[in-house]
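Trainee:
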Amino acid sequence: SQELEQSPQSLIVQEGKNLTINCTSSKTLYGLYWYKQKYGEGLIFLMMLQKGGEEKSHEKITAKLDEKKQQSSLHITASQPSHAGIYLCGADIWYNNDMRFGAGTRLTVKP
Amino acid sequence: GAGVSQSPRYKVAKRGQDVALRCDPISGHVSLFWYQQALGQGPEFLTYFQNEAQLDKSGLPSDRFFAERPEGSVSTLKIQRTQQEDSAVYLCASSWGSGKSWWPFFGPGTRLTVL
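Chains as they are written, first to last, in our numbering: chain A, 747 to 857; chain B, 120 to 234.
1. Spell out whether any CB of chain B is found under 8 Å from the CB atom of Gly858 of chain A.
2. Could you give the first and the last residue of the continuous beta strand (DSSP E) run that contains Leu698 of chain A?
3. Taking a Cβ distance cut-off of 7 Å, strictly less, list which residues of the stretch 776 to 801 of chain A are near chain B, in chain order.
4. Alpha carbon to alpha carbon, how far is Pro144 of chain B from Pro227 of chain B? Give it in angstroms, no decimals.
5. Measure the C-alpha to C-alpha separation of Thr201 of chain B and Arg188 of chain B and round it to an integer number of angstroms.
6. The beta strand (DSSP E) spanning Arg134 of chain B covers which residue range?
7. List the residues that DSSP assigns as beta-bridge partners of Gly125 of chain B.
8. What residue from A:Leu757, A:Glu751, A:Val759, A:Asp844 has the CA that sits closest to Ser177 of chain B's CA?
9. Which residues mark the beginning and the end of the beta strand (DSSP E) in which Ile198 of chain B is found?
10. Rounded to the nearest angstrom, how far is the Cβ of Tyr785 of chain A from that of Trp222 of chain B, given a contact under 8 Å?
11. Helix or strand or just coil, what does DSSP make of Asp205 of chain B?
12. When you compare the CB of Gly831 of chain A with every CB in chain B, is at least one pair closer than 8 Å?
13. Near Gln136 of chain B, which residues of its chain fall below 7 Å by C-beta distance, leaving aside the five closest residues on each side in sequence?
14. Report, in whole angstroms, the separation of the C-beta atoms of Ser825 of chain A and Gly762 of chain A, which I expect to be a contact under 8 Å.
15. Can you grab the Cα-Cα spacing for the pair Gly848 of chain A / Gly836 of chain A, in whole Å?
16. With Ala186 of chain B as the anchor, note down where its beta strand (DSSP E) starts and where it stops.
17. Going by DSSP, name the residue or residues bridged to Asn768 of chain A.
18. Could you give the residue range of the beta strand (DSSP E) that holds Ser828 of chain A?
19. Mind listing the chain B neighbours of Ala849 of chain A? Cutoff is C-beta to C-beta under 7 Å, in chain order.
20. Return helix, strand or coil for Asp844 of chain A, following the three-state DSSP convention.
21. Note down, in chain order, all residues in the stretch 138 to 153 of chain B with a beta-carbon under 8 Å from any beta-carbon belonging to chain E.
22. For Pro127 of chain B, I'd like the list of residues in its chain whose CB is within less than 7 Å of its CB, leaving aside the five on either flank, ordered along the chain.
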């Protein structure tokens, strides 16, 4: 079972459109991590958020952690085919360094 | 190499065979994690090491699964008497340590297919 809920499960957008992926937990998150995975490959680290209300950006990707540290969103602006892949949120829920993951959001960007 | 490496990348086993999957973490990384990823799912936690100590093995699905990291570097995940439901990608990750500021780096995974 997944202790982190991700939505949507899959997303198809037209190139150039914006999109948002959400990650929710019923527990306080001690560190929220976003990774990207392409088929047949390992996970590539995108961003880490630790403080309530924190927001980070890298190129066209922005991630936020809410004040209660129970929900995070990943926003992609002006999507490109290179953004396609599976986006996974991971978090240390038990405050013991065990990172748990959501089920992932599969993103397809149509040219 | 500079990253986490795993071997073999692909493994086909007949049901009932034993398999051993290897993970070479980044040099100096204290923490090491194993995950199982079924098709279309997120990674499921299996076990966690800090140096050679296995601090959490709550995710190991049965006593057929065993992991070790005897010298605090290379780790091996062993699956005995493999079953078809063991077919998955097994991911290894390592990080600097218990500090919350350090994120795990992942290897490319080993794809296990049990026939």
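A virtual CB, placed ideally from N, CA and C, is assigned to each residue, including glycine. Only a predicted model underlies this, so the values are computations on that prediction, with no experimental measurement involved.
Mentor: Looking at the coordinates:
1. Nothing about residue 858 of chain A can be reported from this structure: the residues present for chain A run from 747 to 857 only.
2. No statement about residue 698 of chain A is possible, as the shown extent of chain A runs from 747 to 857 and does not include it.
3. Tyr776, Gly777, Tyr779, Glu787, Gly788, Leu789, Phe791, Met794, Gln796
4. 12 Å
5. 21 Å
6. Run containing Arg134 of chain B: none; DSSP gives neither H nor E here.
7. This sequence places Gln at residue 125 of chain B; Gly is not what is there. Gln125 of chain B pairs with B:Cys142.
8. A:Asp844
9. 194 to 198
10. Not quite, the Cβ-Cβ distance comes to about 22 Å (not below 8 Å), so this is no contact.
11. helix
12. no
13. Thr201
14. 7 Å
15. 6 Å
16. 184 to 187
17. A:Ser753, A:Ser819
18. From DSSP, Ser828 of chain A is part of no beta strand (DSSP E); its letter is neither H nor E.
19. Gln160, Gly161
20. coil
21. The displayed structure is made up of protein chains A and B, and chain E is not among them.
22. Thr229
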